[in-house]
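Asks: Here the sequence shown stands for residues 1 to 476, where the numbers follow this note's numbering.
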Amino acid sequence: MLLYNTLTKQKEEFKSINPGKIGMYVCGPTVYDYIHIGNIRAYLNADTLRRYLEYIGYEVRLIKNITDVGHLTGDDINQGDSGEDKLAKKSLKEKKSPKEIAEFYEKYFKETEKEMNILPASYFPKATAHIEQMIKIINGLIKKGFAYEKNGNVFFDIEKFSQYGKLSGNTLENLKIGARLEEHPDKKNPWDFALWLKAPEKHLMRWESPWSVGYPGWHIECSAMSTEYLGETIDIHTGGEDNIFPHHEAEIAQTECYTGKKFVNYWIHVRHLLVNGEKMSKSKKNFYILGDIKEKGFNAMTLRLLLLSSHYRSNLNFTWKGMNQAKVNLQKISDFVLNLEIMAAQDLDIEISAKIPLDEFQKRFESAMNDDLNAPLALSVLYELINEVNKLTSAQRLPSKKSQEILSLWEKMNSVFGFKLNGQAEIPEEILELAKKRQHSRQEKKFQEADNFRKNIEEKGYLVEDTGTGFNIKKK
Ligand code: AMP
Ligand code: ZN
């Protein structure tokens with residue numbers, strides 16, 4: 001499998017450190033607000049990668065952290081260490097403790113992931129539960145001369161790490177000619193970044209440390225948690241493109257200087273989800289959450305399909321028109337699966353002369369995914385399969401065995417796409433059963449019985465329509 005590695009800026013053949021096993025770290029949410037669909041894009045891509053690695057036989061250990069301290073409001077312009085703590089700010093605004101804020105938004109995050117059918121991480125470690133490990137790493141960095149303390153604050157000295165900038169291109173030289181920073185009086189160099197900050201008097205979150213009562217910088221948490229749960233060198237680390245700098249550049253600097261080893265083999269970054277051409281973000285308040293999507297009458301799987309329909313390394317501009325198109329396509333997939341399920345359950349022992357080259361479809365699906373996770377191309381292979389099957393079934397039924405074979409290919413593909421069709425979109429199981437019985441009666445030419453089923457379905461608030469490929473069920 002080829003994967004584009006931000007570190008080497010090219011597609012590389014993927015090789016795991018240990019045979020058959022993969023350690024993967026996903027930068028998780030800062031839990032001070034609802035996760036928006038841009039964040040979902042980042043987690044969904046990590047999920048697609050994990051699902052495909054499992055599809056080709058790897059066992060994946062995936063760690064996704066919960067940032068509940070240390071992420072400051074100045075991360076867009078600075079080294080991620082200026083401004084106020086995002087959680088503390090929200091907690092003052094909502095008059096709740098930072099812990100309450102974090103728990104509330106963490107719960108929402110997990111519910112959103114579940115609805116999106118994003119497979120749960122092996123573990124979701126919290127930053128606040130790993131302060132001790134962070135202190136240990138910071139201590140080690142000071143001892144080795146990569147970090148310095150002043151007035152209770154500790155900074156990483158980027159001049160000491162000659163490879164600084166290897167991920168983002170922001171070497172010290174390039175930074176010097178770039179934008180100016182707000183200077184911190186204790187920093188030797190404005191581009192040094194904070195490992196530990198002394199807490200101002202009213203700062204809500206504070207811990208004892210050898211340097212001051214304070215709190216950790218944002219970047220150190222990911223080094224602490226990834227080494228704790230995945231070891232010193234990990235296979236894959238993912239995030240959105242805004243994580244490349246300063247966050248991931250800083251993670252590399254502090255981890256590699258501490259361990260003396262390479263930190264991550266493959267860095268995978270998702271381009272941003274845009275709205276009206278601008279990055280969707282919490283701080284710009286131009287975001288949609290899953291609840292907004294559902295309010296407009298779409299379900300989570302429609303969003304999943306929309307997000308999978310563009311390659312993760314191109315920007316995606318979110319539009320409602322795009323959602324409508326995704327809804328049509330999801331319905332097409334649902335109809336296809338339902339039709340096959342009906343035919344597979346019916347003992348149809350008929351002969352057909354037409355051949356559907358299932359092996360070829362599978363190979364094309366795999367080669368799309370092998371090429372840097374080209375999910376949109378893989379989806380187009382699925383649509384082609386659907387069209388081919390539909391063409392056949394508009395004229396004849398398929399033998400049950402054939403339907404089973406196609407269904408099993410669909411299930412393989414769907415272990416990667418991850419659609420939960422939930423009894424076909426939003427149709428309750430009971431209605432679906434009645435529709436299947438009606439279809440069966442029609443095929444046996446018991447039209448009176450079929451009509452009774454239809455009436456029963458209508459009484460329950462749904463309409464059933466016959467199509468070339470089976471039937472559709474709609475809410476009245
Ligand atoms: P945050 O909660 O801000 O730390 O973001 C969580 C994850 O979502 C990070 O990996 C970000 O890079 C990613 N992310 C944030 N905004 C977007 C966006 N508009 N499109 C894609 N990924 C995003
Ligand atoms: Zn991180």
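Ideal Cβ positions, reconstructed from N, Cα and C, are used throughout, including at glycine.
Can you tell me whether residue 6 is buried or exposed? The criterion is at least 16 other CB atoms within 10 Å of its CB, across all chains shown.
Replies: Locating residue 6 in the sequence shown gives position 6, counting from the first residue. The residue in question, residue 6, is buried, as its Cβ has 16 or more Cβ neighbours within 10 Å.
Asks: Kindly indicate the opening and closing residues of the beta strand (DSSP E) around residue 5.
Replies: Position 5 of the sequence shown, counted from the start, is the residue given in the question as residue 5. Note, residue 5: beta strand (DSSP E), 2 to 5.
Asks: Should the stretch 36 to 54 be called in touch with the stretch 214 to 230, which here means at least 3 C-beta pairs below 8 Å?
Replies: The answer is no - the stretch 214 to 230 does not touch the stretch 36 to 54, with fewer than three Cβ pairs under 8 Å.
Asks: Just confirm the distance between the C-beta atoms of residue 84 and residue 72, as a whole number of angstroms; I'd bet it's less than 8 Å.
Replies: Locating residue 84 in the sequence shown gives position 84, counting from the first residue. Locating residue 72 in the sequence shown gives position 72, counting from the first residue. So it is a contact: roughly 6 Å between Cβ atoms.
Asks: Between the stretch 392 to 400 and the stretch 343 to 352, do three or more beta carbon pairs fall short of 8 Å?
Replies: As far as the Cβ criterion goes, the stretch 392 to 400 touches the stretch 343 to 352, which means the pair count is three or higher.
Asks: Where in the stretch 168 to 194 do unbroken runs of the alpha helix (DSSP H), each at least 4 residues long, occur, reported from the N-terminal end onward?
Replies: 172 to 177
Asks: Out of 149, 129, 30, which one is the CA nearest neighbour of residue 109?
Replies: By one-based count along the sequence shown, residue 109 stands at place 109. Nearest option by C-alpha distance: 30.
Asks: Need the endpoints of the alpha helix (DSSP H) that residue 51 sits in, please.
Replies: On the sequence shown, residue 51 is found 51 positions in, with the first residue counted as 1. Element bounds for residue 51: 37 to 55.
Asks: Note down the Cα distance separating residue 61 from residue 24, rounded to an integer number of angstroms.
Replies: Start at 1 with the first residue of the sequence shown, and residue 61 comes out as number 61. Start at 1 with the first residue of the sequence shown, and residue 24 comes out as number 24. So the two alpha carbons sit approximately 6 Å from each other.
Asks: Going by DSSP, name the residue or residues bridged to residue 61.
Replies: Along the sequence shown, read from residue 1 onward, the residue named residue 61 stands at position 61. According to DSSP, residue 61 bridges with 23.
Asks: Which residues in the same chain have their Cβ closer than 8 Å to the Cβ of residue 302, if we skip the five residues on either side of it in sequence?
Replies: Here the question's residue 302 lines up with position 302 in the sequence shown. Around residue 302: 293, 323, 326, 327, 330.
Asks: Just to confirm the assignment, what range does the alpha helix (DSSP H) spanning residue 159 have?
Replies: Within the sequence shown, the letter at position 159 stands for residue 159. Taken as a continuous stretch (DSSP letters only), residue 159 belongs to no alpha helix (DSSP H), as it is neither H nor E.
Asks: Which value, in whole angstroms, describes the spacing of the CA atoms of residue 245 and residue 169?
Replies: The count along the sequence shown starts at 1 and reaches residue 245 at position 245. The count along the sequence shown starts at 1 and reaches residue 169 at position 169. Distance between the alpha carbons of residue 245 and residue 169 is about 9 Å.
Asks: Let me know the secondary structure DSSP gives residue 463 once reduced to three states.
Replies: Translated into positions along the sequence shown, residue 463 becomes position 463. The answer is strand: DSSP assigns residue 463 an E or B state.
Asks: Report yes if the C-beta distance between residue 304 and residue 214 is below 8 Å; otherwise report no.
Replies: Taking the first residue of the sequence shown as 1, we reach residue 304 at position 304. Taking the first residue of the sequence shown as 1, we reach residue 214 at position 214. Contact: no.
Asks: Just mark residue 462 as buried or exposed, buried being the case when its beta carbon has 16 or more other beta carbons within 10 Å.
Replies: On the sequence shown, position 462 is the one that residue 462 refers to. Flag for residue 462 reads buried.
Asks: Contact between the stretch 303 to 318 and the stretch 366 to 377 is defined here as three or more beta-carbon pairs at a separation below 8 Å; is this criterion met?
Replies: yes
Asks: How would you write the range of the alpha helix (DSSP H) that residue 440 sits in, first residue to last?
Replies: Reading the sequence shown from its first residue, position 440 is the one you call residue 440. 429 to 443 is the span of the alpha helix (DSSP H), which, as asked, contains residue 440.
Asks: Need the endpoints of the alpha helix (DSSP H) that residue 411 sits in, please.
Replies: Translated into the one-based positions of the sequence shown, residue 411 becomes position 411. Residue 411 -> alpha helix (DSSP H) spans 400 to 417.
Asks: I'd like the list of long-range same chain contacts for residue 227, defined as Cβ closer than 6 Å, with 5 residues on each side in sequence excluded.
Replies: If you number the sequence shown from 1, residue 227 lands on position 227. So the list is empty, once near-sequence residues are dropped.
Asks: Between residue 457 and the rest of its own chain, which residues show a CB-CB distance below 8 Å, the 5 nearest in sequence each way excluded?
Replies: The count along the sequence shown starts at 1 and reaches residue 457 at position 457. Excluding positions up to five away in sequence, the list reads 431, 434, 435, 438, 463, 464, 473.
Asks: Please confirm if the stretch 256 to 268 is in contact with the stretch 51 to 58, defined as three or more CB-CB distances below 8 Å between the two stretches.
Replies: no
Asks: If you follow the alpha helix (DSSP H) that residue 333 is part of, which residue opens it and which one closes it?
Replies: If you number the sequence shown from 1, residue 333 lands on position 333. It spans 320 to 344 - the alpha helix (DSSP H) in which residue 333 sits, taken as one unbroken run.
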